[in-house]
Each structure stands twice: as C-alpha cells, then as structure tokens.
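Student: Add 3 to the 1-based position in the sequence shown for the working numbering, that's all there is to it. In this text, a Cβ means the ideal position worked out from N, Cα and C, and glycines have one as well.
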Amino acid sequence: MTIRKGVPWGQTVPSPTDLLVVPTDRDAREFVVGQRLRQAEHRGALRPLGLGGGDLARTMGGGHDRFPGMVTEAPIDLLRVQSGERVTWAVAHVIARRRWWSGEVLFAMNAQFLSQHGRCYDVAPRSHPNDGKVDIVHVSADMRRRARHAAARRARTGTHLPHPQLMASQVSELAVTFERPLVLWVDGRRWGTARDLSIAVEPDALIVYA
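1) Apart from the five residues just before and just after R157, which ones in its own chain have a Cβ nearer than 8 Å to its Cβ?
2) In chain order, which beta strand (DSSP E) runs of at least 3 residues are fully inside the stretch 67-129?
3) What are the partner residues of W188, as DSSP defines its beta bridges?
4) Just to confirm, is the Cβ distance from L177 to R198 under 9 Å?
5) May I ask you to list the residues that DSSP assigns as paired with P17?
6) Might you give, ordered along the chain, the residues of its own chain that have their beta carbon closer than 7 Å to the beta carbon of A95, omitting 5 neighbours on each side?
7) Using the Cα positions of I79 and F116, report the straight-line distance between them to the nearest angstrom.
8) Secondary structure at H141, three-state DSSP: helix, strand or coil?
9) Once DSSP output is grouped into helix, strand and coil, what is the label at G53?
10) On the three-state DSSP scale, how would you describe Q173?
11) Can you tell me which of G13, V137, P11, P71 puts its alpha carbon nearest to the alpha carbon of V24?
12) Run through DSSP, which three-state label would L215 get?
13) In the DSSP assignment, what residue or residues form a beta bridge with I210?
14) For the stretch 164-171 and the stretch 129-147, state whether three or more C-beta atom pairs, one from each stretch, are separated by less than 8 Å.
15) Am I right that I202 and R83 are in contact with their C-beta atoms under 8 Å? What's the rounded C-beta distance?
16) Skipping 5 residues on each side, what residues in its chain have a beta carbon closer than 8 Å to that of I124?
17) So P26 and G55 are supposed to be a Cβ contact under 8 Å. How far apart are they, rounded?
Structure follows, in structure tokens:
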C-alpha cells in the first residue's frame with residue numbers, strides 16, 4: 004500500500020544477512036530489470052534489495068555505511084518506461100534531453116535527488132518513492148542558458164520551483180511526444196533516443212533496505 008497521510012512509512016530493522024546490497028541506482032535498475040525479464044507476464048514479487056548508494060538511497064536517508072546494521076525497510080514504487088516496442092524499468096529517475104543548457108529537458112523522478120558531475124541536485128523536493136506518483140519537471144525549450152544556470156544553482160537546495168519555465172506535476176502515468184528526438188537516460192545509463200516516451204508507476208513493486 005502506498006503512503007498515506009499520518010501513517011508511518013517503513014520500519015527500522017537489522018539488515019538481513021543474505022541481502023544483496025548494490026552501490027548505485029544503475030545496479031539497482033539492472034537487478035530489477037533482470038528479475039522482471041525472468042518473470043512470466045512481469046508479475047510476482049521481486050526479491051528485496053539493499054541500497055548502498057545512489058539517488059534513491061539518498062532520498063531514503065541511507066548509504067553504504069549503514070550495512071550491516073540498522074536500516075530502513077520500506078516498499079517503493081518502480082517506473083515502467085516504454086518507447087515504441089522497447090520497455091525497461093527505473094528505480095530513481097528518467098531524464099530526456101540533448102543538452103542541459105539548451106532545448107527541451109524532462110525529468111521523471113521517483114527519487115528526490117539527481118547526482119551529476121559530483122554534485123547533488125534536489126530536483127523534485129516533493130517526490131516520495133512510494134506515493135504512487137512520478138514527479139515531472141519539464142524544462143521549456145525556450146528557457147535561456149542564463150536562466151538554466153540560475154535554476155541549477157537553486158536546485159542544489161530545492162528552491163528552483165516554482166518557475167514559469169519549469170512545469171512541475173505529479174502523475175501516475177505519463178505519455179509525451181517531444182518536439183524532436185531526445186536521448187533517454189534511465190537511472191544514469193543511456194537507453195537510446197526517442198521522440199515518444201511513456202512512463203507508468205508500478206506501486207509497491209519492491210521492498211528495499213537503506
């Protein structure tokens with residue numbers, strides 16, 4: 004069950020001794036995709052996973068220094084990503100762009116944070132990985148370079164929103180057609196180039212420890 008107002012999310016438990024702990028969002032995604040592809044009709048429970056690093060672990064207040072030890076056990080949503088006939092899954096975020104400082108950019112965030120070039124950006128301050136929603140931040144193609152730099156500086160502290168050229172929303176499903184083909188980055192890994200993108204939230208899809 005996704006989070007509800009006034010109801011605690013997750014619990015503090017000792018980390019399981021046989022738990023697989025991965026260091027990055029990329030590794031977490033590979034774990035999920037590998038299991039999904041082995042499941043008939045993409046159904047059934049996934050094995051629990053430990054988050055030793057990455058943007059999703061940061062969102063949950065975790066990290067590698069917590070294993071072994073007391074950690075947070077909680078369910079999270081996954082993002083099912085589709086472009087044409089291709090399908091994959093994301094645990095933390097999906098980014099569509101050609102360049103950071105010009106053109107259209109779309110952030111689809113399950114995690115709150117995005118790490119780039121050694122810096123961490125609070126892209127989606129309202130995002131929660133178990134609210135049944137994906138947080139969308141859409142950068143207008145008309146947004147100028149200087150304004151993007153200013154927004155990026157404010158995003159270090161999550162104060163870049165609201166902004167007239169940053170359209171933010173929370174949805175359970177997204178279908179978008181870009182003005183021109185953009186490169187898709189799924190949990191930090193380049194996944195291809197596409198003009199059409201669909202994302203659907205799979206609630207309570209994975210138990211994680213962080």
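Tutor: If we stick to the structure as given:
1) H163
2) 73-86, 89-93, 96-100, 108-112, 117-119, 122-124
3) I98, R193
4) no
5) M73
6) D28, G57, D58, L59, N113, A114, D190
7) 15 Å
8) strand
9) strand
10) strand
11) P71
12) Lying outside 4 to 213, the shown extent of the chain, residue 215 is not represented and no answer is given.
13) P78
14) yes
15) 7 Å
16) Reading the sequence as shown, one finds Tyr at residue 124 and not Ile. The residues are F116, L117, S118, A155, A158, R159.
17) 5 Å
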